[in-house]
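One structure below.
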Amino acid sequence: MKRRILVLLLSIFSSCTLLNAQNRDVNPLMEDVRARFNQVKDYEASARIKIDVDFLKIPVKQGKIWFLHPDKVKVKAPGFSLLPKRGMNFSPGQLMDAGHTAIFVRDEILAGNAVSVVKIVPGNAQSEILIATLWIDSKRKVVRKVEATTRNEGTFVMDFTFKPIAEAYDMPTQARITFDIRKNELPLGLTGDFERAPEEKGKKNSGKGIVTIDYMDYKINQGMAAAVFGKGR
Amino acid sequence: MNLLRFELFKIFCKPRTYIGFAAIAVLVPLIQIALYIDGQTYIEFSLQNLKEAFDFQGELLNGYLASYIILATLYVHIPFLIALVSGDLLAGEAASGTLRLLVTRPISRTRLVLIKFAAAMTYTAALILFMALASLILGILIMGTGDLIVIRNTIYVFSESDVLWRLLSAFGFGLVAMWCVASLSFMFSSFASNSIGPIILTMTVIISFIVISAIDLSVFRVIKPFLFTTYMGSWKLFFEEPLALRDIWLSTGVLGLHILVFLTVTIINFKRKDILS
Amino acid sequence: MGKTPVLEVRGLRKSFQDFEAVKGVDFTVYEGDIFGFLGPNGAGKSTTLRMVTSLINSTAGDIRIFGLPLSSNREHILSRMGILVEKPDLYGFLSGYDNLSMLSSLNGKRASRQRIEEVIHMVGLQGREQDKVRKYSQGMRQRLGIAQALIHDPEIIILDEPSNGLDPQGIVDIRELIIRLGREFKKTVILSSHLLNEVEMMANRMVIINKGQVTVEGDVQELLGGSTIKVTISCSHPEQALKIAAETTPDVRIADGQLVLEIPKESVAKLVSKLVANQIEVQAVVPVRKLEDYFISLT
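Chains as they are written, first to last, in our numbering: chain A, 13 to 245; chain B, 19 to 295; chain C, 390 to 688.
Right, dumping it as structure tokens:
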């Protein structure tokens, strides 16, 4: 499942044959973004994962995250942790592949940064992603926001935060993933909770989940992830 | 102190005292082993909806979860084991005729009741302590420690370092709740001249109250706050974040008040009672 | 005989719902008395004794022990009394020794090993004190019941039907013990019984209670008259028994296979011991005069 979404997601960015955008060709911009990310072959970083779901309370987890080009991601945190299936493996480094259509929508200011909004329409009708929108910082050549609508799993949004001044690799300091989540009836038998507490008042079930990952202490292209994946998976 | 020792000695000379310990000694390992074998399936089943959005990493099946589950499942059964002993303390001696020996000693009836009450509380504490230690030690030996997942209306995950105090507090609160049960059956014991009555009556009261609490009708909803069983389940409040301290204190206070009322009724009744057995 | 009253009961009443079990009982026990509390079954003896021992509350009336009202001096009074009411129910899962040790701790201070052994000797349980009470015969339990009443060396000893469940030798032993308690240890003993001869043989004063009321109270000698008692003895070898009894009294014969004789009251116990010592099994010692007859004679 994770892999499927990952592939779909990557294919959004990777495919763009970037046919004529309304009045601007976004192909060079996409190419720049891809080139920037392709510089990163692997990294290791400390991660702080915070999960915010209405019916789920889990402490913030401190752990480590490893990335290996092109699409391998591994997270390790003490104890039990929940890792979002969508977005965790997002790597806009592979934006270019055949089959998708990239359409320039408009320029706008997103959280104080000038961005180009680009819509991606998958070329493949069977694609899990029905449509995606990218907010690309044209100055720093990074993706600041992704919004994707999927066939079966609703819409998810990823917001990336970067340091105010670009560094060599310009990696995000924070990724915030917002997604749809249904609350199923929880089976209560396991922990013998026969009395059901009434729903907390004033707290409506938004049906949204937010996972915030803070990245710290990037160690980029030092070959550290290779070892992790070598003995790992 | 001598007298309390005498009471405890009598309690621990009776076979029925060991039924509670034996039941726990059998049930706790049984639940632990069952969880060890099948617990993972249970957890995964419970977390199905989360699986759509999340990958799970790390072990949830551990000694802490086992202790939580044991506490939750045995909560309805422990009162019976408690009543078995505390319901016998006065009525049993009345039935066997030894109450005459005690009441004709130069010791006030109030003091006699208080000593027996202290013995009931000590027995209850020993049983709960045994249960807590058996659950935790055995659970940790078999399954180790780890983060604790609690599935209620909300799913809570507590870090490993944040669990033990919660479990110990929950067992501690459980002790207060069981003291309340012990006081109730002790009170019934002061009215009876054989121990079957108080034991059955205690269980009848507890089961009826729990059933009334469980049926969600408006009539029952009105009386629910007045049933002490409503507050017995508050040990679960230790597994919430943020901690509902006010509710925990309220529940402890209500149970403490019940203990006091039950004890007072016992003393008044026993002081006025004609020993006819 | 001391004339200091140690127990005074005035206008004592007890009702259980509609039934009045004790209807205004008055009597006095003096220091050093062996006081017989006599009455047929259901007369109100036990109810009265239960009120005197604070097991039940009176509906009306006044109980003063050692000159103090029982209601307001309960613990002090009970510390000076040894009580065995009804069946000697003790802790079966404890040994005789442990029963005495544990129960004595309820008197404020646990009895010394020496005192426990002394009392065990007094009631004749030596050699069996470490056995669990559940293994005791009824007679042994009765002896232990008396022992627990004596353990703290009380001034007043109340024994409810002390010879219940005992074999003839046991009855004799206990009678001798009670007489010793009075004469040798200068204790005041209150014993209840439904057997006139039992009281007659042990007590110096008595009260007879019937239907919840006192029928008569006074000196045993004065009330029952004479120093001899007429009894029938059922035993295994009546002919042989006749010869032995004849050594004690000339007034002895055999009727319906039983020994019928009139002997001094204090000699009954000795005679029974003698018979038993001669391998004669004594099945019963029954006074010819029954309580019922005495009631008739009173009215």
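Glycine included, every Cβ here is placed at the ideal spot set by N, Cα and C.
Using 8 Å as the limit for Cβ to Cβ distance, is residue i near chain C?
i: isoleucine 29 of chain B; result: no
i: asparagine 67 of chain B; result: no
i: phenylalanine 1 of chain B; result: As displayed, chain B neither begins before 19 nor continues past 295, which places residue 1 of chain B out of reach and without an answer.
i: threonine 116 of chain B; result: yes
i: serine 290 of chain B; result: Here the sequence assigns arginine to residue 290 of chain B, which means serine is not the residue at that position. True, the Cβ-Cβ gap to chain C drops below 8 Å.
i: asparagine 300 of chain B; result: Lying before the first or after the last residue shown, residue 300 of chain B is absent from chain B, which here runs from 19 to 295.
i: serine 126 of chain B; result: yes
i: arginine 123 of chain B; result: yes
For residue i, which three-state DSSP category applies?
i: asparagine 287 of chain B; result: helix
i: alanine 210 of chain B; result: coil
i: alanine 160 of chain A; result: strand
i: lysine 84 of chain A; result: strand
i: asparagine 586 of chain C; result: helix
i: proline 176 of chain A; result: coil
i: leucine 142 of chain A; result: strand
i: phenylalanine 227 of chain B; result: helix
i: glycine 81 of chain B; result: helix
i: threonine 282 of chain B; result: helix
i: isoleucine 266 of chain B; result: helix
i: serine 623 of chain C; result: strand
i: isoleucine 171 of chain B; result: For the sequence presented, residue 171 of chain B should be read as asparagine rather than isoleucine. Here asparagine 171 of chain B sits in coil by DSSP.
i: glutamate 397 of chain C; result: strand
With a cut-off of 8 Å, does the C-beta of residue i fall near any C-beta of chain A?
i: glutamate 77 of chain B; result: yes
i: threonine 59 of chain B; result: no
i: tyrosine 174 of chain B; result: yes
i: glutamate 111 of chain B; result: no
i: glycine 38 of chain B; result: no
i: glutamate 178 of chain B; result: yes
i: phenylalanine 74 of chain B; result: yes
i: glutamate 259 of chain B; result: yes
i: alanine 137 of chain B; result: no
Verify the CB distance criterion: does residue i have a CB-CB separation below 8 Å to chain B?
i: glycine 221 of chain A; result: yes
i: aspartate 407 of chain C; result: no
i: serine 128 of chain A; result: no
i: isoleucine 141 of chain A; result: no
i: isoleucine 618 of chain C; result: no
i: threonine 437 of chain C; result: no
i: isoleucine 77 of chain A; result: no
i: glycine 497 of chain C; result: yes
Using 10 angstroms around the beta-carbon of residue i, count the other beta-carbons present and answer buried if the total reaches 16, otherwise exposed.
i: glutamate 111 of chain B; result: buried
i: glutamate 550 of chain C; result: buried
i: methionine 228 of chain A; result: exposed
i: glutamate 573 of chain C; result: exposed
i: cysteine 31 of chain B; result: exposed
i: asparagine 488 of chain C; result: buried
i: phenylalanine 405 of chain C; result: exposed
i: leucine 20 of chain A; result: Caution is warranted here: a pLDDT of 47 is assigned to leucine 20 of chain A, below 50, making its placement in the model unreliable, and no coordinate value can be reported.
i: leucine 275 of chain B; result: exposed
i: isoleucine 29 of chain B; result: buried
i: leucine 612 of chain C; result: buried
i: threonine 59 of chain B; result: exposed
i: threonine 282 of chain B; result: exposed
i: glutamate 518 of chain C; result: buried
Could you tell me which of the options sits nearest to residue i, measuring between CA atoms?
i: leucine 102 of chain B; options: B:Phe39, B:Glu62, B:Val46; result: B:Phe39
i: serine 139 of chain A; options: A:Asn164, A:Val158, A:Met183; result: A:Asn164
i: leucine 548 of chain C; options: B:Thr172, B:Arg290, B:Arg118; result: B:Arg118
i: lysine 392 of chain C; options: C:Lys663, C:Asn593, C:Leu664; result: C:Asn593
i: isoleucine 169 of chain B; options: A:Lys69, A:Lys84, A:Gln234; result: A:Lys69
i: valine 38 of chain A; options: A:Ala114, A:Ser93, A:Trp78, A:Lys53; result: A:Ala114
i: methionine 196 of chain B; options: B:Leu159, B:Val94, B:Leu245, B:Leu156; result: B:Val94
i: glycine 456 of chain C; options: C:Lys476, C:Val398, C:Ile567; result: C:Val398
i: isoleucine 266 of chain B; options: B:Asp106, B:Val194, B:Ile125; result: B:Val194
i: tyrosine 249 of chain B; options: B:Val237, B:Met221, B:Phe227; result: B:Phe227
Residues from the stretch 184-204 of chain B in contact with chain A, defined by Cβ distance under 9 Å:
The stretch 184-204 of chain B vs chain A, Cβ under 9 Å: nothing.
Residues within the stretch 81-96 of chain A neighbouring chain B, beta-carbon criterion of under 9 Å
Per Cβ criterion, the list reads Val87, Lys88, Ala89, Pro90, Gly91, Phe92, Ser93, Leu94, Leu95, Pro96.
Between the stretch 630-662 of chain C and chain B, which residues of the former have CB atoms less than 9 Å from a CB of the latter, in chain order?
Nothing from the stretch 630-662 of chain C brings a Cβ to less than 9 Å from some Cβ of chain B.
So if I threshold CB-CB distances at 7 Å, which residues from the stretch 55-71 of chain A count as touching chain B?
Contacts with chain B (Cβ-Cβ distance below 7 Å) from the stretch 55-71 of chain A involve Phe67, Leu68, Lys69, Ile70, Pro71, listed in chain order.
In chain order, what residues of the stretch 150-168 of chain B put their CB closer than 8 Å to some CB of chain E?
The chain inventory of the structure shown lacks chain E, comprising the protein chains A, B and C.
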